[in-house]
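Line order of the protein sequences matches chains A and B. Residues 11 to 313 (this note's numbering) are what the first sequence spells out, left to right. Residues 15 to 289 (this note's numbering) are what the second sequence spells out, left to right. Single-structure report; data block below.
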Amino acid sequence: MPNAIEVTDLVKSYGSNRAVDGVSFAVEEGEVVAILGPNGAGKSTTVEILEGHRSRTSGDVRVLGVDPGTAGPGFRDRLGIVLQSAGVDKELTVREVLHFYRVAYSRPREVDELIAMVELEDKADERVSTLSGGQQRRVDLALGLIGDPDLIFLDEPTTGFDPAARRRSWDLVRNLTELGRTVVLTTHSLEEAEQLADRVMVLAAGRIVADGSASQLRADFGKGTRISFGLPAVDEPLSGLLDPLQGTSRGRDRRIEITTDAPTADLAHITAWATSRGLELDGLTVSSTELEDVYLGLVGEEA
Amino acid sequence: MRSLRLLSHQIRAQNRFFWRVPVGAFFTLMLPVIMLVLFVALFGNDLGDTGGPDDTSAAQFYTPALAVFAVGSATYTNIAINVSTRREEGILRRVRGTPLPPWIYIAGVILSAVWIALVSATVMVTLGVVAFDVNIELAKFPGMLLSFAVGSATFATLGVALSSVARSSSAASALANATILPMAFISNIFVNLGPEPPKWLRVAADILPLKHFGTSFSATMEPWTDPPAILWDRLGVLAIWLVLGAVVAVWRFRWDPLPGATGRTARRGRAAAAV
Numbered sequence: 011m012p013n014a015i016e017v018t019d020l021v022k023s024y025g026s027n028r029a030v031d032g033v034s035f036a037v038e039e040g041e042v043v044a045i046l047g048p049n050g051a052g053k054s055t056t057v058e059i060l061e062g063h064r065s066r067t068s069g070d071v072r073v074l075g076v077d078p079g080t081a082g083p084g085f086r087d088r089l090g091i092v093l094q095s096a097g098v099d100k101e102l103t104v105r106e107v108l109h110f111y112r113v114a115y116s117r118p119r120e121v122d123e124l125i126a127m128v129e130l131e132d133k134a135d136e137r138v139s140t141l142s143g144g145q146q147r148r149v150d151l152a153l154g155l156i157g158d159p160d161l162i163f164l165d166e167p168t169t170g171f172d173p174a175a176r177r178r179s180w181d182l183v184r185n186l187t188e189l190g191r192t193v194v195l196t197t198h199s200l201e202e203a204e205q206l207a208d209r210v211m212v213l214a215a216g217r218i219v220a221d222g223s224a225s226q227l228r229a230d231f232g233k234g235t236r237i238s239f240g241l242p243a244v245d246e247p248l249s250g251l252l253d254p255l256q257g258t259s260r261g262r263d264r265r266i267e268i269t270t271d272a273p274t275a276d277l278a279h280i281t282a283w284a285t286s287r288g289l290e291l292d293g294l295t296v297s298s299t300e301l302e303d304v305y306l307g308l309v310g311e312e313a
Numbered sequence: 015m016r017s018l019r020l021l022s023h024q025i026r027a028q029n030r031f032f033w034r035v036p037v038g039a040f041f042t043l044m045l046p047v048i049m050l051v052l053f054v055a056l057f058g059n060d061l062g063d064t065g066g067p068d069d070t071s072a073a074q075f076y077t078p079a080l081a082v083f084a085v086g087s088a089t090y091t092n093i094a095i096n097v098s099t100r101r102e103e104g105i106l107r108r109v110r111g112t113p114l115p116p117w118i119y120i121a122g123v124i125l126s127a128v129w130i131a132l133v134s135a136t137v138m139v140t141l142g143v144v145a146f147d148v149n150i151e152l153a154k155f156p157g158m159l160l161s162f163a164v165g166s167a168t169f170a171t172l173g174v175a176l177s178s179v180a181r182s183s184s185a186a187s188a189l190a191n192a193t194i195l196p197m198a199f200i201s202n203i204f205v206n207l208g209p210e211p212p213k214w215l216r217v218a219a220d221i222l223p224l225k226h227f228g229t230s231f232s233a234t235m236e237p238w239t240d241p242p243a244i245l246w247d248r249l250g251v252l253a254i255w256l257v258l259g260a261v262v263a264v265w266r267f268r269w270d271p272l273p274g275a276t277g278r279t280a281r282r283g284r285a286a287a288a289v
């Protein structure tokens with residue numbers, strides 16, 4: 011399979027701040043890749059460089075065989091972009107907006123087909139200004155698909171959707187991938203990444219800190235077991251509880267979570283500590299780590 | 015051919031957008047009409063000695079002057095506000111991500127504004143001729159069209175330039191009005207300054223473009239001018255402003271919005287990214 015995207019040592023600096031700090035990866039044709047990361051990790055900057063919306067400081071970028079920094083209309087003809095912050099003329103109707111954008115493409119989809127794809131049949135002749143946030147987002151999605159693109163960038167595509175609309179949009183993205191379209195999506199939602207993507211890249215502080223399938227990431231980084239419980243108010247410092255543990259702990263709102271490779275020993279210590287003080291640990295659970303734990307561990311965020 | 019088809023589609027779409035926003039259409043089309051009717055009512059319309067530029071009927075003075083003002087607001091003001099609003103809403107950014115050639119989008123914006131300006135100027139001139147007995151001559155018609163073409167192109171280009179330097183749509187709106195209104199007062203548009211205005215006002219008006227547009231357009235309607243009544247020197251000054259506006263527009267035009275309240279670092283970053 012040829013590569014739809016090839017990125018080598020991509021750097022984007024703003025003054026002394028390196029928003030993207032030496033990123034290299036390739037995306038095969040037909041692959042669905044999710045770029046995950048906290049705000050400011052550089053995922054939108056990276057995607058905007060790939061789309062040709064933003065210049066790069068250094069590094070080599072090939073998208074559909076061309077450099078997006080200098081590519082022209084022919085490149086954009088094969089691209090579908092669903093931006094986070096792109097508006098439409100809201101005084102036009104849904105149908106008019108789709109008609110406005112479709113004429114520039116060499117193989118545009120039919121307006122009615124698009125409206126059906128994003129399930130806006132009831133709103134087709136309403137002005138965009140009267141639509142809800144989620145419905146406007148579906149207009150965005152329709153505009154991303156309008157040129158029957160080979161490569162689709164989805165920047166947080168289901169933000170603001172209700173759960174049902176989100177699931178239907180996922181089905182839509184899955185249909186696209188079944189047609190062999192390449193999809194690059196950025197998302198905050200691990201569930202979304204896991205649902206849609208063949209491959210998940212985790213970006214933190216401008217670097218790729220993990221790259222693989224969801225199950226691969228879980229296997230590589232998610233070793234260990236998670237112990238969690240609610241802690242009643244106690245008068246002593248928690249070092250007596252936490253310091254002897256072999257795993258790592260984090261806490262919020264009096265709820266402690268421990269990720270450990272020695273669950274038996276750590277659990278024994280915790281229960282001994284609690285019973286010696288006559289405390290009951292609220293909601294004590296022991297489970298294998300979730301993808302979310304992997305992700306939070308990778309990006310170094312406090313949960 | 016494909017470019018022409020895309021361009022005509024753009025112009026029609028931009029036009030439709032204009033009519034969808036009644037408040038914009040009102041200010042552009044109705045305000046100059048109301049001003050003409052009011053000014054003629056206020057200052058009277060008795061035909062006096064029309065042998066010179068300083069002694070003329072109110073309608074003969076105001077019809078071309080307010081037609082020029084209508085053209086200015088249909089092009090300069092409307093483009094400055096619309097383009098910066100669309101930048102702010104991310105519409106320009108979306109357009110930039112489509113295969114539509116950028117020049118066709120910009121040309122569509124300019125030509126649709128010129129079309130609205132033509133409608134507006136036609137309404138004004140027709141009203142003046144029909145209702146207020148204003149002079150119009152077929153022999154000077156080509157000069158009238160030429161003055162309109164150069165003037166509307168100049169003010170449309172300056173509108174694009176202003177939208178490129180304004181940091182937000184509200185700034186663009188304020189700047190557009192803060193420039194065109196005082197300019198209209200000193201350029202024989204709202205008031206006839208007569209032969210001896212204060213020198214600094216005259217110098218300012220002679221440097222700025224609006225007086226030259228007004229003078230060249232009015233000349234094609236005044237009874238005492240000889241056909242073809244084309245004031246090449248005035249049109250030359252307009253052409254210089256057109257080139258200046260085009261240089262600023264090409265140099266500073268941005269497709270990406272500036273981030274709102276995200277601090278100076280991010281702004282500088284965006285500005286750097288746009289270069």
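Yeah, the Cβ is synthetic: ideal placement off N, Cα and C, and Gly gets one too. Treat the numbers as computed from the prediction; the structure is a model and nothing was measured.
Residue i and residue j closer than 8 Å at C-beta
i: B:G86; j: B:F169; result: yes
i: B:R107; j: A:A174; result: no
i: A:I45; j: A:L213; result: yes
i: A:R88; j: A:L161; result: yes
i: B:P310; j: B:K154; result: Outside the shown range of chain B, which is 15 to 289, sits residue 310 of chain B, and nothing can be said about it.
i: A:D150; j: A:T103; result: no
i: B:S17; j: B:I150; result: no
i: B:G111; j: A:H63; result: yes
i: A:G240; j: A:R209; result: no
i: B:A243; j: B:G157; result: yes
i: A:V98; j: B:I105; result: yes
i: A:T270; j: A:G40; result: no
i: B:S182; j: B:E102; result: yes
i: A:A114; j: B:L114; result: yes
i: A:R178; j: A:E123; result: no
i: B:M197; j: B:L215; result: no
i: A:V304; j: A:R228; result: yes
i: A:A152; j: A:L108; result: yes
Identity of the residue in the options nearest residue i by Cα
i: A:G157; options: A:L186, A:D19, A:N27 and A:T18; result: A:L186
i: B:A121; options: B:L21, B:S201 and B:G250; result: B:L21
i: B:S178; options: B:V97, B:W117, B:L222 and B:H226; result: B:V97
i: B:F40; options: B:M15, B:A84, B:A233 and B:R181; result: B:A84
i: A:R184; options: A:M127, A:V57 and A:L289; result: A:M127
i: B:V82; options: B:G58, B:L114 and B:S232; result: B:S232
i: B:L160; options: B:F227, B:L52 and B:V35; result: B:F227
i: A:P242; options: A:E290, A:M211, A:V107 and A:S259; result: A:E290
i: A:T67; options: A:V30, A:F35 and A:V43; result: A:V30
i: A:S139; options: A:E120, A:R105 and A:P118; result: A:R105
i: A:G261; options: A:R236, A:F231, A:G79 and A:V17; result: A:R236
i: B:D270; options: A:S65, A:I266, A:R112 and A:A51; result: A:S65
i: B:L207; options: B:M15, B:F267 and B:K225; result: B:K225
i: A:T18; options: A:N27, A:D77 and A:P48; result: A:D77
i: B:L43; options: B:L249, B:E210, B:A27 and B:V128; result: B:V128
i: A:M211; options: A:A36, A:N13 and A:E61; result: A:A36
Beta-ladder partner(s) of residue i, from DSSP
i: A:F239; result: A:I266
i: A:A214; result: A:R217
i: A:S297; result: A:R236
i: B:N92; result: B:N92 pairs with nothing; no bridge assigned.
i: B:T234; result: According to DSSP, B:T234 bridges with nothing at all.
i: A:I15; result: A:V37 and A:V73
i: A:R137; result: A:T103
i: A:G261; result: A:I266
Cβ separation of residue i and residue j, assumed to be a contact under 8 Å, to the nearest whole Å
i: B:A88; j: B:I25; result: Not a contact, Cβ separation roughly 14 Å.
i: B:F199; j: B:V54; result: Actually they are not in contact, since the Cβ atoms of B:F199 and B:V54 sit about 18 Å apart, beyond 8 Å.
i: B:A167; j: B:L256; result: 6 Å
i: A:V92; j: A:F163; result: 7 Å
i: B:V47; j: B:V137; result: 6 Å
i: B:Y76; j: B:L50; result: 6 Å
i: A:L20; j: A:G75; result: 17 Å between Cβ atoms; not a contact.
i: A:K100; j: A:R137; result: 7 Å
i: B:V148; j: B:Q74; result: 5 Å
Cross-chain neighbours of residue i in chain D, by beta carbon under 7 Å
i: B:A27; result: Structure shown: chain D not included; protein chains present are A and B.
Could you name each continuous alpha helix (DSSP H) segment of 4 residues or more that falls completely within the region 94-160 of chain B, going from the start of the chain to the end? 105-110 and 116-146
At 4 residues or longer, what runs of the alpha helix (DSSP H) sit wholly inside the region 28-63 of chain B? 36-39 and 45-57
Segments of 3+ residues assigned as beta strand (DSSP E) that fall wholly inside the region 21-64 of chain A: 27-38 and 42-46
Tell me the start and end of each unbroken beta strand (DSSP E) in the region 142-183 of chain A that is at least 3 residues and wholly inside, in chain order. 161-165
Completely contained alpha helix (DSSP H) runs for the region 145-229 of chain B, where each covers 4 or more residues: Complete alpha helix (DSSP H) runs here, min 4: 155-179, 183-200 and 213-221.
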